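*Asks:* In this text, residue positions in the sequence shown follow my numbering: the first is 3, and each later residue adds one.
We put the CB at the ideal spot given by N, CA and C, even for glycine.
A quick note: this is a predicted structure, and the numbers were derived from the prediction, not measured.
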Amino acid sequence: MTSSASFISLILVSSLLLASHLSLTGAQATPPLVRGLSYSFYSANCPSLETTIRDYLREIISSDFRAAPGLLRVHFHDCFVQGCDASVLLEGSTGNPSERDAPPNLTLQARAFVLINELRNRIHRACGPIVSCADITAIAARDAVFLSGGPDYRVPLGRRDGLNFATRDATLANLPFFGSNAQQLITDLAAKGMDATDLVAISGGHTIGQSNCASFSARLFPQDPTMDTAFGNSLRRVCPSITSSGITDLDVRTPRVFDNAYYVDLVNRQGLFTSDQDLFTDTTTRPIVTRFANNQTLFFQQFVFSMIKMSMLNVSTGTQGEIRTDCSRRNGATTYLKTSVDEEEGKKAAF
Numbered sequence: 003m004t005s006s007a008s009f010i011s012l013i014l015v016s017s018l019l020l021a022s023h024l025s026l027t028g029a030q031a032t033p034p035l036v037r038g039l040s041y042s043f044y045s046a047n048c049p050s051l052e053t054t055i056r057d058y059l060r061e062i063i064s065s066d067f068r069a070a071p072g073l074l075r076v077h078f079h080d081c082f083v084q085g086c087d088a089s090v091l092l093e094g095s096t097g098n099p100s101e102r103d104a105p106p107n108l109t110l111q112a113r114a115f116v117l118i119n120e121l122r123n124r125i126h127r128a129c130g131p132i133v134s135c136a137d138i139t140a141i142a143a144r145d146a147v148f149l150s151g152g153p154d155y156r157v158p159l160g161r162r163d164g165l166n167f168a169t170r171d172a173t174l175a176n177l178p179f180f181g182s183n184a185q186q187l188i189t190d191l192a193a194k195g196m197d198a199t200d201l202v203a204i205s206g207g208h209t210i211g212q213s214n215c216a217s218f219s220a221r222l223f224p225q226d227p228t229m230d231t232a233f234g235n236s237l238r239r240v241c242p243s244i245t246s247s248g249i250t251d252l253d254v255r256t257p258r259v260f261d262n263a264y265y266v267d268l269v270n271r272q273g274l275f276t277s278d279q280d281l282f283t284d285t286t287t288r289p290i291v292t293r294f295a296n297n298q299t300l301f302f303q304q305f306v307f308s309m310i311k312m313s314m315l316n317v318s319t320g321t322q323g324e325i326r327t328d329c330s331r332r333n334g335a336t337t338y339l340k341t342s343v344d345e346e347e348g349k350k351a352a353f
């Protein structure tokens, strides 16, 4: 083994030992809360909310790990398009296609939508129809991270569900593209109030999950010079042609563990997407990637900060939107729902 390879291995082992399952529920700095959200929003009205979600997802993820990246990805795709309002969960029709029908969302796991609706069923049976699908989606994403070995953290709650889904064009315009370079992604996220550090941190979600050949095969034929040669050879065995339909892990090192190995991949030129590898190639984001590759605790802290920040993008609160009785469709005109948030709880949620 070469000295450089030994050094990279040492980085990986050390960072894994440093914080394999960090809890960040109290001490870490968090972004300011958007008005209308609160960490105690359902404490009086649905105290079993988070336990119900975690217990169910622990059972699901232990039997099928793919559910974890599936739930995390739904939350990402929801928040980047018209805010975290569960609009990505809405079904469309042939004549009126929804966000789910837009090309980037066709690869979202169908089971993730089923799981979120099942969680909504369980929660509404226990507490009544007072918890939004948007809040359930945000908590499920957090638990997907935690149950994969990542950090635990508090999720601000009080989101309402959006009344409409975005158009196909709006969805395409707002979702980060796997073929984008770092500067384009920085520009895209800046429009949403997020910076380069946020970009690198939330990209760490690619430490779990898989992708099909169509998302990266253009880097293989011909091979992208920023890609490690041996890594490219291994990918061509999965995708022998540009039209292949194989599937591979996003993180070559520890694909079933939420850790900082994704950044070690980038340092070794083993990032799967252009949008991944260019984070290390670009001079703006390279130092951030290097810091996260060397320090898993630092990555976890920043990931939590940036995830909470993302989860508050353009949220509906108070009397805006609705609380859906079915996450996949708007409430009917005759549906009556009470929020069950009394005046005092509403005041707490406003800070």
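(1) Taking C-beta to C-beta, are Ile62 and Leu117 nearer than 8 Å?
(2) With DSSP as the reference, identify every bridge partner of Leu159, one or two as the case may be.
(3) Taking the alpha carbon of Gly94 as the reference point, which residue from Lys311, Thr169, Thr245 and Leu315 has its own alpha carbon closest?
(4) For a test of your reading of the model: does the CB of Asn316 fall under 7 Å from any non-hydrogen atom of the ligand COA? Yes or no.
(5) Grouping DSSP H, G and I as helix and E and B as strand, with all else coil, what is Met314?
(6) Do the stretch 266–278 and the stretch 214–225 touch if we need at least three Cβ pairs shorter than 8 Å?
(7) Do Asp261 and Gln298 have their C-beta atoms closer together than 8 Å?
(8) Thinking just about the alpha-carbon of each residue, which of Gly130, Ala263, Ile325 and Arg326 is nearest to the one in Ala295?
(9) Thinking just about the alpha-carbon of each residue, which of Ser217, Gly164 and Phe167 is nearest to the one in Ser247?
(10) Spell out a yes or no on whether the stretch 230–238 and the stretch 190–208 are touching, meaning 3 or more CB-CB pairs, one atom from each, closer than 8 Å.
(11) Beta strand (DSSP E) containing Ile249: first to last residue?
(12) Which same chain residues end up closer than 6 Å to Ala114 when comparing Cβ atoms and leaving out the 5 residues on each side of it in sequence?
(13) Can you check which of these residues, Asn119, Phe78, Leu315 and Val269, is closest to Glu101 by C-alpha distance?
(14) To the nearest angstrom, how far is the alpha carbon of Met312 from that of Ile210?
(15) Reducing DSSP to helix, strand and coil, say where Glu61 ends up.
(16) Identify the residues that DSSP records as bridge partners of Asn214: which are they?
(17) Could you check where the alpha helix (DSSP H) with His208 kicks off and where it finishes?
(18) Comparing alpha-carbon positions, which option in Ala136, Cys48 and Phe67 lies nearest Cys329?
(19) Would you kindly work out how many angstroms separate the C-alpha atoms of Leu14 and Thr245, rounded to a whole number?
(20) Helix, strand or coil: which one does DSSP assign to Glu93?
(21) Report yes or no: is there a C-beta of chain B within less than 8 Å of the C-beta of Tyr44?
(22) Under 8 Å Cβ to Cβ from Gln30, same chain only, skipping five residues before and after it: list those, please.
(23) To the nearest angstrom, report how far apart Met229 and Gly181 are at their CA atoms.
(24) Specify the secondary structure class of Arg144 as computed by DSSP and reduced to three states.
(25) Does the beta-carbon of Ile249 have 16 or more other beta-carbons within 10 angstroms, so that it is buried, or is it exposed?
*Replies:* With the structure as the only source:
(1) yes
(2) Ser40
(3) Thr169
(4) This structure does not include the ligand COA; it has no bound ligands of any sort.
(5) coil
(6) yes
(7) yes
(8) Ala263
(9) Ser217
(10) no
(11) Ile249 to Asp251
(12) Gly72, Leu73 and Val76
(13) Phe78
(14) When rounded, the distance between both Cα atoms is 19 Å.
(15) helix
(16) Ile249
(17) Per DSSP, His208 belongs to no alpha helix (DSSP H) and is neither H nor E.
(18) Ala136
(19) Low local confidence applies: a pLDDT of 41 at Leu14 is under 50, so the model's placement there is unreliable, and no value is given.
(20) coil
(21) No chain B is present in this structure, which holds just one protein chain.
(22) Tyr155, Gln303, Val306 and Phe307
(23) 14 Å
(24) helix
(25) exposed
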